[in-house]
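S.K.: Starting off with a structure, shown below.
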Amino acid sequence: MNILGTGIVFTRGQGMDSFERALQEGWRSPGIVPSPPSIHEERRAYLVEHRTLSDRELMKKVRRADKLSKMAVIAASEALRNSTGEDINRKKTGIIAATALGAHVTTFDFLDNILEYGEASVSPTTFSNSVHNAAASYISSVLGTEGPTLTVTDFFFSFHNALQLAQSWLLEKRCDYILAGVTEQYGSVQAYVHDTKLTAAPDGRIRPFNFNPTFQVPGEGSVFFLLSHKEADKALCEVHDVLVNTDGCDVLRGDLDVIDTDGLLADESHYLQTLSGEVPVASYTPLFGSIMSGSAFTCAAGVRMLEKQMIYASPVKENPHGLNIAAETRPGVIELLRCIRYNCYGNKAVIYLRKK
Amino acid sequence: MKNKSVLITGLGVISAAGSNLPETMENFRRGLAHSGPVTLFETTLPYPVFEVRKIPASFLQESQRTISLALCAVAEALHDAGLGDDLSGYRVGIAMGTTVACQLNDLEFYKSCRESGTAPMHPVDLYLKGNIAEFISRRYKTRGPSLTLVNACSSGADAIGAALSWLKNGLCDIALAGGADELNRVPLCGFGSLGIVSHEICMPFDRDRTGLNLGEGAGVLVLETENSAEERGMAPDLCLTGYGSASDSYHLTAPRPDGAGLEASIRRALADSDIQSDEISFVNAHGTATQDNDVVEGNVLGRLFGSGLSMLSTKGYTGHTLGAAGGVEAVFSAAALREGWIPSSAGFRNRDDRIPLMPVREITNIAGDYALSTSLAFGGNNAALVIGRRQRA
């Protein structure tokens, strides 16, 4: 299947041009986020600023939605808009939204309701928005799509699962087009869990090639891709294959490996087993933060690299294992790119993107 | 050529209507429904619910009730399919729908976190290890796709639909698919706030219905390609022939009044099955007993199948099991098709003039080879499954 359009909302703005600028400019320090009084250390995170969600036309249609859904609507709308696919048959357009934590911030708001007002006086609007598939529903109603509209969840492989299902649906002609992507929101409870179970990067730098110890900086945002077998001449690139927890992830080597090392595993040494010294490796997680479904952001970088035939420098270059890392931004011939993610059970998922 | 290439080789179910399929069918035959006040947690809300009375001890997971329910249904389905506890020798996919198990909505954990800034990590650990499809995949050592669908009330049906796509596209040879959800305080409060929970026992499609009751349970199908079933020496009499899904593109909680999304999903499932609407023997409707759902759904079913359709809602036996509903009701539909009868639609007494057809009021024998199960979800997604009976050689 082909990627016809990509939309993104992340800490440095909205749109693939903003993302490309970030890829070119490199690492920036994350912002400092408010912490509860009991936390004495500063918390850092890559948050999406309110002004990024300022598309008035879109926002008035989702004025009751939470930030998670708003980010998703903006990213999905952009994926459609920049695909020259505005005229697609929306009855045959499906949505698969992937998320690791879903509407956890709104769920905790709803628990606030229960604790503060009692079980019988909670807000129905907050409850409706806390349901996991609210973001996909908002995308469907704003964009007028009438195909299947699903939300899938997994802590590390939700995006891979979404792509796999999209591939099947397109092959079956269940849909002509699918908007598949991820959305994740930062929250204070998540930050507490991160602080307790993982190591925060002391200087705000995720070190993707360290592997052990690892350092994380929470992030948030949304990425969506318009997928189709149609209009192949307009494709940005092809999703050549998606492999999850199966044999064959190392059979096909690409021209560049992009790894999702972001400090969300305390030990990321598994990645070393899959990298070859011959193929350069890059990681862009320091640009958008540690996000469980961050593979979609990595794929967005991959799409832009294949489209522009540019290899962007890894934003944090510490390389204690002497890997063949992409250290400089330069033009390069990239036919096939491999995006690699491990989960906490040592299972691997791979997305192959191929130049069109 | 009818589309009968994906077979149903196993069924498993647990709900307030019974802790396995034979017990459930017996309770259906006797018209027994078990509802009552909430006993699983403390609540001030007075709504009746449909709780599972006993989960067999061998399936109980500490503080993971949804997973316990799922394991119970999975074990029954695997046994029915002649499969054991180690599936590592097969290419098996897991697709499960849920709503509750995907959220860290532990009130005590959260209360501690917000009041003191700290909280014990045990609920977090359970949550992080509790992705339902991933859990089942690890338990049964499967190597294949694993997908947890969180599509509100159509999650279970959509999970079965996803598995159908995997099997047709060669991603696996066998799939465990369905849904599971526990009764939980958070959705009870949430649905209560929307004003759609009844203080009485639910009455799907009845003129005087006053809303839904929440329930809990799990329903799982073992789906299998013809080749795989043949290699294992299985000759099942049921198959999954079609799945349709379509969005209302309308509202976060209310169904589209003209039912266009539901109709599109049913038409797609029929087309997938390569059958006409008059080949459907009966419909196990979503039938939640809310005013909006039953009017919209009843009108779509009347429009597509005519007023003579044999139709029922089983929520009068189970309550609304949310993410489990599509799985639970697919199992009921498959079992009813195999046995050739459907139970009375519990709770229905009086016809609603706004709905052009009535659910069955007594045990009804059914002929024919196809059953339809429908699901409507928050967010406006609609899902339809067509289950078929194979003609035996």
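If you read the sequences in order, they're chains A and B.
The first sequence runs 1 to 356 under our numbering.
The second sequence runs 1 to 393 under our numbering.
Where a beta carbon is used, it is the ideal one built from N, C-alpha and C, also for glycine.
Remember, it's a predicted structure, so these values are computed and weren't measured experimentally.
1) Specify the secondary structure class of residue 222 of chain A as computed by DSSP and reduced to three states.
2) At which residue ranges does the stretch 138 to 175 of chain A contain complete alpha helix (DSSP H) runs of 4 or more residues, listed in the order of the chain?
3) So, does the stretch 119 to 139 of chain B touch the stretch 126 to 135 of chain A, judging by three or more C-beta pairs under 8 Å?
4) DSSP three-state call for residue 364 of chain B: helix, strand or coil?
5) Closest by CA to residue 178 of chain A, which one among A/204, A/122, A/190, A/239?
6) Counting only Cβ pairs nearer than 9 Å, list the residues of chain B close to residue 89 of chain A.
7) Flag residue 154 of chain A as yes if its beta-carbon sits less than 8 Å from any beta-carbon of chain B, otherwise no.
8) For residue 344 of chain A, count neighbouring C-beta atoms within 10 Å of its own C-beta (all shown protein chains included) and say buried if the count is 16 or more, exposed if not.
9) Can the beta-carbon of residue 138 of chain B be found less than 8 Å from the beta-carbon of residue 350 of chain B?
10) Which of the three DSSP states, helix, strand or coil, is assigned to residue 47 of chain A?
11) Counting only the same chain and skipping the five closest in sequence on each side, list residues whose C-beta sits under 8 Å from that of residue 173 of chain B.
12) In the DSSP output, which residue or residues are listed as bridge partners for residue 381 of chain B?
13) Considering only C-alpha positions, which residue in the set B/288, B/264, B/246, B/332 is nearest to residue 282 of chain B?
14) What number of angstroms, rounded off, separates the C-alpha of residue 324 of chain B from the C-alpha of residue 105 of chain A?
15) Starting from the C-beta of residue 307 of chain B, find all residues in its chain whose C-beta is less than 7 Å away, skip the five residues before and the five after it, and write them out in chain order.
16) At the level of alpha carbons, what is the spacing between residue 218 of chain B and residue 327 of chain A?
17) On the three-state DSSP scale, how would you describe residue 141 of chain B?
18) Should residue 234 of chain B and residue 159 of chain B be called a contact, given that it needs their Cβ atoms to be closer than 8 Å?
19) What does the alpha-carbon distance come out to for the pair residue 169 of chain A and residue 175 of chain A?
20) Give the interface partners of residue 246 of chain A over in chain B, defined as CB-CB distance under 8 Å, in chain order.
21) Residue 388 of chain B: which of B/369, B/216, B/211, B/290 sits nearest, CA to CA?
22) Select from the stretch 233 to 258 of chain B all residues with a C-beta closer than 9 Å to any C-beta belonging to chain A, and list them in chain order.
23) Excluding five sequence neighbours on each side, which residues of the same chain lie with their C-beta closer than 7 Å to the C-beta of residue 302 of chain A?
24) Please specify which runs of the alpha helix (DSSP H), each continuous and at least 4 residues long, are wholly inside the stretch 320 to 358 of chain B, giving them in chain order.
25) Could you tell me if residue 122 of chain B is buried or exposed, where buried requires 16 or more neighbouring beta carbons within 10 angstroms of its beta carbon?
26) Cβ of residue 183 of chain A within 8 Å of Cβ of residue 135 of chain A?
27) For chain A, is any of its Cβ atoms less than 8 Å away from the one on residue 385 of chain B?
28) Classify residue 259 of chain B: buried if its beta carbon has 16 or more other beta carbons within 10 angstroms, exposed otherwise.
29) For residue 15 of chain A and residue 9 of chain A, I'd like the C-alpha separation in whole angstroms.
30) Would you say residue 110 of chain B lies against chain A (beta-carbon separation less than 8 Å)?
31) Which ranges would you report for the beta strand (DSSP E) in the stretch 166 to 204 of chain B if only whole runs of at least 3 residues count?
32) Quick one, which of B/81, B/371, B/65 has its alpha-carbon nearest residue 52 of chain B's?
33) Measure from the C-beta of residue 164 of chain A to each C-beta in chain B and report whether the shortest distance is under 8 Å.
34) State buried or exposed for residue 89 of chain A, treating a residue as buried only when at least 16 other CB atoms are found within 10 Å of its CB.
35) Rounded to whole angstroms, how far is the Cβ of residue 163 of chain B from the Cβ of residue 175 of chain B, which I believe are closer than 8 Å?
36) Comparing alpha-carbon positions, which option in A/341, A/28, A/97, A/237 lies nearest residue 314 of chain A?
M.R.: The structure says:
1) For the purposes of this step, residue 222 of chain A is taken as residue 222 along the first sequence, with counting starting at 1. Residue state, collapsed to three classes: strand.
2) Fully enclosed alpha helix (DSSP H) runs of 4 or longer: 158 to 171.
3) With contact defined as three or more Cβ pairs closer than 8 Å, the stretch 119 to 139 of chain B and the stretch 126 to 135 of chain A are not in contact.
4) Stepping through the second sequence from its first residue, residue 364 of chain B is reached at position 364. Secondary structure at residue 364 of chain B: strand, using DSSP grouped into helix, strand and coil.
5) Counted from its first residue, the first sequence places residue 178 of chain A at position 178. Of the candidates A/204, A/122, A/190, A/239, the one whose C-alpha sits nearest the C-alpha of residue 178 of chain A is A/239.
6) As a working mapping, residue 89 of chain A is identified with position 89 in the first sequence. Contacts between residue 89 of chain A and chain B, judged by CB atoms closer than 9 Å, are missing: the closest CB pair is about 13 Å apart.
7) By one-based count along the first sequence, residue 154 of chain A stands at place 154. Yes, residue 154 of chain A counts as interfacial toward chain B.
8) Taking the first sequence and counting its residues from 1, the one referred to as residue 344 of chain A is at position 344. So residue 344 of chain A counts as exposed.
9) In the second sequence, counting from the first residue as 1, residue 138 of chain B sits at position 138. In the second sequence, counting from the first residue as 1, residue 350 of chain B sits at position 350. Contact annotation: residue 138 of chain B and residue 350 of chain B have beta-carbon atoms that are not nearer than 8 Å.
10) Position 47 of the first sequence, counted from the start, is the residue given in the question as residue 47 of chain A. In the three-state reduction of the DSSP assignment, residue 47 of chain A falls in the coil class.
11) Here residue 173 of chain B corresponds to residue number 173 of the second sequence, with the count starting at 1. Within the same chain, residue 173 of chain B has close Cβ partners 90, 91, 92, 167, 224, 225, 227, 228.
12) The count along the second sequence starts at 1 and reaches residue 381 of chain B at position 381. Answer is B/247, bridged to residue 381 of chain B.
13) Translated into positions along the second sequence, residue 282 of chain B becomes position 282. Between residue 282 of chain B and the set B/288, B/264, B/246, B/332, the nearest pair of CA atoms involves B/332.
14) By 1-based counting over the second sequence, the position of residue 324 of chain B is 324. By 1-based counting over the first sequence, the position of residue 105 of chain A is 105. For the pair residue 324 of chain B and residue 105 of chain A, the Cα-to-Cα distance works out to about 24 Å.
15) Looking up residue 307 of chain B in the second sequence gives position 307. Once the five neighbours on either side are set aside, the close Cβ partners of residue 307 of chain B are 356, 357.
16) On the second sequence, position 218 is the one that residue 218 of chain B refers to. On the first sequence, position 327 is the one that residue 327 of chain A refers to. Separation of residue 218 of chain B and residue 327 of chain A (C-alpha to C-alpha, rounded to the nearest whole angstrom) is 51 Å.
17) Within the second sequence, residue 141 of chain B is the residue found at index 141, counting from 1. If DSSP states are grouped into helix, strand and coil, residue 141 of chain B belongs with coil.
18) Within the second sequence, residue 234 of chain B is the residue found at index 234, counting from 1. Within the second sequence, residue 159 of chain B is the residue found at index 159, counting from 1. No; because the gap between Cβ atoms is not below 8 Å, this pair is not in contact.
19) To locate residue 169 of chain A, count along the first sequence from 1; it is residue 169. To locate residue 175 of chain A, count along the first sequence from 1; it is residue 175. Going from the Cα of residue 169 of chain A to the Cα of residue 175 of chain A covers about 6 Å.
20) For this step, residue 246 of chain A is matched to residue 246 along the first sequence. 143, 144, listed in chain order.
21) As a working mapping, residue 388 of chain B is identified with position 388 in the second sequence. Here the closest residue by C-alpha is B/369.
22) For the stretch 233 to 258 of chain B, which is checked against every Cβ of chain A, the residues closer than 9 Å are 243, 244, 245, 246, 247, 248, 249, 250, 251, 252, 253.
23) Indexing the first sequence from 1 puts residue 302 of chain A at position 302. Here the set comprises 258, 337, 339, 353.
24) Every alpha helix (DSSP H) stretch that sits fully inside the stretch 320 to 358 of chain B and reaches 4 residues is listed by chain position as 325 to 339.
25) On the second sequence, residue 122 of chain B is found 122 positions in, with the first residue counted as 1. Under this definition residue 122 of chain B is an exposed residue.
26) Position 183 of the first sequence, counted from the start, is the residue given in the question as residue 183 of chain A. Position 135 of the first sequence, counted from the start, is the residue given in the question as residue 135 of chain A. It is a contact, given that the beta carbons lie within the stated cut-off.
27) Taking the second sequence and counting its residues from 1, one reaches residue 385 of chain B at position 385. Using a CB distance cut-off of 8 Å, residue 385 of chain B does not count as an interface residue toward chain A.
28) Walking along the second sequence from the start, residue 259 of chain B turns up at place 259. That one is buried.
29) Counting from 1 along the first sequence, the entry for residue 15 of chain A is found at position 15. Counting from 1 along the first sequence, the entry for residue 9 of chain A is found at position 9. For the pair residue 15 of chain A and residue 9 of chain A, the Cα-to-Cα distance works out to about 6 Å.
30) Here residue 110 of chain B is taken as the residue at index 110 of the second sequence, counted from 1. Cβ-Cβ to chain A under 8 Å: yes for residue 110 of chain B.
31) Correct list: 174 to 181.
32) Here the question's residue 52 of chain B lines up with position 52 in the second sequence. For the residues B/81, B/371, B/65, the minimum Cα distance to residue 52 of chain B belongs to B/65.
33) Taking the first sequence and counting its residues from 1, one reaches residue 164 of chain A at position 164. Answer yes: the Cβ-Cβ gap between residue 164 of chain A and chain B drops below 8 Å somewhere.
34) Looking up residue 89 of chain A in the first sequence gives position 89. Burial call: exposed.
35) Working through the second sequence from its first residue, we reach residue 163 of chain B at position 163. Working through the second sequence from its first residue, we reach residue 175 of chain B at position 175. Residue 163 of chain B to residue 175 of chain B, Cβ: 4 Å. Contact.
36) If you number the first sequence from 1, residue 314 of chain A lands on position 314. Proximity to residue 314 of chain A across A/341, A/28, A/97, A/237 peaks at A/28, based on C-alpha coordinates.
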